[in-house]
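Under our numbering, residue 57 is the last one in the sequence shown; the count climbs by one each step, no gaps.
All C-beta atoms, glycine included, are put in the ideal place defined by N, C-alpha and C.
Nothing here was measured: the structure is a model prediction, and the numbers come from that model.
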Amino acid sequence: MTTLVYLIPVALFLGALGLSGFLWALRSGQYEDLDGAAERILIEPEARDNEGRQSN
């Protein structure tokens, strides 16, 4: 019974910590472009250079 006195606040703290981390990620724009990275890896480097990026 005394372990519940310790475990319940720890579980609530960890849940609040995870929720705050998720809300921070939402506000900072981490989930704005979900398909961008998956599509960028398929584009050839030459094709990206022709789309407006300057190559060295």
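As assigned by DSSP and simplified to three states, the class of residue i
{"i": "L13", "result": "helix"}
{"i": "G19", "result": "helix"}
{"i": "E1", "result": "The structure shown does not extend to residue 1, since the chain is modelled only from 2 through 57, so no value can be given for it."}
{"i": "Y7", "result": "helix"}
Element boundaries [alpha helix (DSSP H), containing residue i]
{"i": "G37", "result": "37 to 41"}
Own chain, CB closer than 8 angstroms to residue i, minus 5 neighbours either side, in chain order
{"i": "T3", "result": "none"}
{"i": "D16", "result": "According to the sequence displayed, residue 16 carries Gly and not Asp. Cβ within range, chain order: n/a, list empty."}
Proximity test, Cβ basis, 8 angstroms: residue i and chain D
{"i": "S29", "result": "Reference to chain D is not applicable here, since this structure consists of a single protein chain."}
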